[in-house]
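Input: a single structure, listed below in structure tokens.
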Amino acid sequence: MDAADVAADLTEVLYTSDQIAGRLTEIAAQIDQDYADKDPLLVGVLNGAVMVMADLTRALHIHCAMDWMAVSSYGMGTHSSGVVRILKDLSTDLVGRHVIVVEDIIDTGLTLSYLMQNLASRNPASLKIMTMFRKPDALKIDIDVTYLGFDLPNQFVVGYGLDYAGRYRNLTDVGILAEHVYS
Ligand code: 5GP
2 MDAADVAADL
12 TEVLYTSDQI
22 AGRLTEIAAQ
32 IDQDYADKDP
42 LLVGVLNGAV
52 MVMADLTRAL
62 HIHCAMDWMA
72 VSSYGMGTHS
82 SGVVRILKDL
92 STDLVGRHVI
102 VVEDIIDTGL
112 TLSYLMQNLA
122 SRNPASLKIM
132 TMFRKPDALK
142 IDIDVTYLGF
152 DLPNQFVVGY
162 GLDYAGRYRN
172 LTDVGILAEH
182 VYS
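Just so you know, the numbering used here puts the end of the sequence shown at 184, numbered straight through with nothing missing.
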């Protein structure tokens with residue numbers, strides 16, 4: 002599905018699939034350099050990071066492993082509280098591993114901040130963050146992002162793994178969801 006298929010539901014297309022693919026190629030080249038001979042473990046946060054994980058790992062020229070976590074944030078409605086319950090944990094032991102957490106989007110940063118503390122306590126050799134999108138104006142906590150796709154305005158977006166009510170994850174472009182869809 003592309004933006005033309007759901008044009009009436011979007012007020013603006015922010016990034017096309019071509020722009021996303023281009024940026025991921027650049028990030029992958031950087032990771033190739035930074036992790037040559039390190040056999041990194043990429044940890045994806047379900048469900049949103051599925052698309053970015055699939056595309057980023059295939060753009061790499063080095064070996065890597067993948068594992069997944071699922072978390073649920075105890076929030077008030079649409080607001081993240083930063084208190085996180087682990088619904089699915091990793092199958093991989095992180096001791097001594099070079100870990101890159103792969104995220105779809107950092108909004109307040111509260112969920113990821115909790116997750117990073119949790120992962121750091123498992124004694125990886127290194128722990129970095131790659132996120133496809135970040136909303137700098139929504140951040141409530143300082144998060145050290147090593148690999149960033151794009152910054153976004155502080156609005157609700159869908160596409161490229163990001164859903165609204167389970168829909169739009171399979172939208173290849175990323176756009177701002179029109180108010181009439183959720184009001
Ligand atoms: P945080 O704890 O950083 O506020 O929450 C991050 C999570 O909120 C993301 O992993 C994502 O699931 C969800 N999220 C934040 N902003 C958006 C957005 O604009 N669109 C969608 N679809 N999900 C978002």
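Virtual Cβ for every residue (Gly too), placed ideally from N, Cα, C.
First through last residue of the alpha helix (DSSP H) which encompasses residue i
i	result
Tyr161	It is not in any alpha helix (DSSP H) - Tyr161 carries neither H nor E in the DSSP assignment.
Ser185	Nothing can be reported for residue 185, as the shown portion of the chain is limited to 2 through 184.
Tyr115	Leu111 to Ala121
His99	Run containing His99: none in the alpha helix (DSSP H); it sits in the beta strand (DSSP E), His99 to Ile107.
Val182	Glu180 to Tyr183
Residue i versus residue j: straight-line alpha-carbon distance, rounded
i	j	result
Leu25	Val102	15 Å
Lys129	Ala121	10 Å
Asp56	His181	31 Å
Met1	Ala4	Within the shown structure, residues of the chain are numbered from 2 to 184, placing residue 1 beyond reach of any answer.
Asn155	Ala166	19 Å
Short Cβ contact (8 Å threshold) for residue i with residue j
i	j	result
His64	Asp33	no
Asp174	Thr17	yes
Ala137	Arg98	The identity of residue 137 in the sequence shown is Pro, whereas the question assumes Ala. No; because the gap between Cβ atoms is not below 8 Å, this pair is not in contact.
Ile177	Ile144	no
Identity of the residues DSSP links to residue i by a beta bridge
i	result
Lys89	Ala71
Leu11	Leu178
Thr173	Answer is none; Thr173 lacks a bridge partner.
N- and C-terminal bounds of the beta strand (DSSP E) containing residue i
i	result
Leu57	Where Leu57 is concerned, there is no enclosing beta strand (DSSP E), although the alpha helix (DSSP H) it sits in stretches over Val51 to Ala60.
Tyr148	Tyr148 to Asp152
Val84	That residue, Val84, is in no beta strand (DSSP E); it is neither H nor E in DSSP.
Leu128	Ser127 to Arg135
C-beta neighbour in chain D for residue i, strict 8 Å
i	result
Thr12	The structure shown contains no chain D; it holds only a single protein chain.
Say whether the region 50-70 touches the region 162-181, bearing in mind that this needs 3 or more beta-carbon pairs closer than 8 Å, one atom from each stretch. With the cut-off at 8 Å, the region 50-70 and the region 162-181 touch.
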